[in-house]
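Visitor: In my numbering, the protein residues as written are 4 to 240.
Every residue, glycine too, gets a C-beta built ideally from N, C-alpha and C.
From a predicted model like this one, the values you see are computed outputs, not experimental measurements.
Next up is a structure, given as structure tokens.
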Amino acid sequence: MLETTTKCEQCHNASCIIRINALGEEMKAFLATKHNIQCKRGQQFILEGAPVHGLYFVYKGKAKVVKTGFQGKEQIVRLAKDGEIIGHRGFGSREAYQISAVALEDSTLCYFKNDALKQMLLSFPKLTYDFMLFYAEELNLSENKVRKFAQMTVREKVIDSILYMYRKFGQDGDILNIQLSRKELADLAGTTDEQVTRTITSLKNENLIRTQGKQLGVVNIELLRREVLEHNFFLNS
DNA sequence: GCATTAATTGGTC
DNA sequence: GACCAATTAATGC
Numbered sequence: 004m005l006e007t008t009t010k011c012e013q014c015h016n017a018s019c020i021i022r023i024n025a026l027g028e029e030m031k032a033f034l035a036t037k038h039n040i041q042c043k044r045g046q047q048f049i050l051e052g053a054p055v056h057g058l059y060f061v062y063k064g065k066a067k068v069v070k071t072g073f074q075g076k077e078q079i080v081r082l083a084k085d086g087e088i089i090g091h092r093g094f095g096s097r098e099a100y101q102i103s104a105v106a107l108e109d110s111t112l113c114y115f116k117n118d119a120l121k122q123m124l125l126s127f128p129k130l131t132y133d134f135m136l137f138y139a140e141e142l143n144l145s146e147n148k149v150r151k152f153a154q155m156t157v158r159e160k161v162i163d164s165i166l167y168m169y170r171k172f173g174q175d176g177d178i179l180n181i182q183l184s185r186k187e188l189a190d191l192a193g194t195t196d197e198q199v200t201r202t203i204t205s206l207k208n209e210n211l212i213r214t215q216g217k218q219l220g221v222v223n224i225e226l227l228r229r230e231v232l233e234h235n236f237f238l239n240s
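Following this line, the structure appears as structure tokens:
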């Protein structure tokens, strides 16, 4: 395995919670306990039900966080890009992970073991505070997600998912910087791959998005936004 | 090039 | 709007 040991002090992920707090000498000993893991595309690095052993960060790459339902039905809880935390729900408890995590492309991960992280959190209030803010935001997002699944139509859910990918990963030229299969998009939107295919065909015919092979691209961001915004407005009122 | 998997399309409930 | 089936496209080996 490639032991590329990344230095937090020089990390390109300016928004990483560890990176933000990586200043100062006292932190160095803790940062030295970090491990780097190389993950191939499709490789699973957190298994739902397995005992919690630590916390991951995406150093470089993309990953999906998945919850498995009854008949092998999967729900993509979120997508993660450079600098983002994965596995934080399990932290603190001695229980099992409630989610699985799979690399969507060849990725490099940072990994802290439970004990090391615990010591860090006890030692650095600013770090702990930033973690708390992060947890609060996560809770907010998942509450919104509940609403989405309960009340949006399939078309709206697919649009919302495409906008989510657009927000998070951006778009070079006219193609999104992330590629999901129809099945994965369905798992993200909370529908079936057939419905996703049909919705994509419609959106393409309406010139709201475009496709290039399996790649997706946003053409008319304003109209797409409007469709889900109207919905949100309705829900908020 | 062949075999497997993914995407699309049409139909039923 | 989910599930199933048939066809076609894409991908891996």
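Any idea what DSSP makes of S126, helix, strand or coil?
Guide: It is helical.
Visitor: Quick check: the segment 56 to 63 against the segment 84 to 93, are there 3 or more CB pairs under 8 Å?
Guide: yes
Visitor: Tell me the residue span of the alpha helix (DSSP H) that contains T202.
Guide: 196 to 208
Visitor: Roughly how many angstroms lie between the CA atoms of R81 and R150, to the nearest whole one?
Guide: CA-CA distance, R81 to R150, rounds to 15 Å.
Visitor: What residue range does the beta strand (DSSP E) around R44 cover?
Guide: Looking at the DSSP string, R44 is not in any beta strand (DSSP E), and its letter there is neither H nor E.
Visitor: Got a sec, what are the start and stop residues for the beta strand (DSSP E) Y167 sits in?
Guide: Unbroken run through Y167 is the alpha helix (DSSP H), 157 to 172; no beta strand (DSSP E).
Visitor: Residues in the same chain with beta-carbon distance under 8 Å from Q267, minus the five sequence neighbours each way, listed in chain order, please.
Guide: Because the chain here runs from 4 to 240, residue 267 falls outside it and cannot be looked at.
Visitor: Can you check DSSP and say which residues form a bridge with F152?
Guide: Its beta-bridge partners do not exist; DSSP assigns none.
Visitor: Please identify the residue among D118, Y100, F134 whose C-alpha is closest to the C-alpha of T36.
Guide: D118
Visitor: Give me, in chain order, the residues of the same chain whose beta-carbon lies closer than 7 Å to that of R213; leave out the 5 immediate sequence neighbours on both sides.
Guide: D177, K207, G220, V222
Visitor: Are the beta-carbon atoms of Y100 and V55 separated by less than 7 Å?
Guide: yes
Visitor: Where do the ends of the alpha helix (DSSP H) carrying K186 lie?
Guide: 185 to 192
Visitor: Is the CB-CB distance between E98 and T71 below 7 Å?
Guide: no
Visitor: Can you say whether M135 is buried or exposed, counting buried as having 16 or more other CB atoms within 10 angstroms of its CB?
Guide: exposed
Visitor: To which residues of the same chain is M4 closer than 7 Å at the C-beta, ignoring the five residues directly before and after it?
Guide: Confidence at M4 is low in this model, with a pLDDT of 48, below 50, so its placement is unreliable and the value that follows should be read with caution. Cβ neighbours of M4 beyond the five flanking positions: Q41.
Visitor: Let's see if you can read the secondary structure: which residues bound the beta strand (DSSP E) around F94?
Guide: Counting along the chain, F94 falls outside any beta strand (DSSP E), and DSSP gives it neither H nor E.
Visitor: Helix, strand or coil: which one does DSSP assign to L112?
Guide: DSSP places L112 in strand when its eight states are reduced to three.
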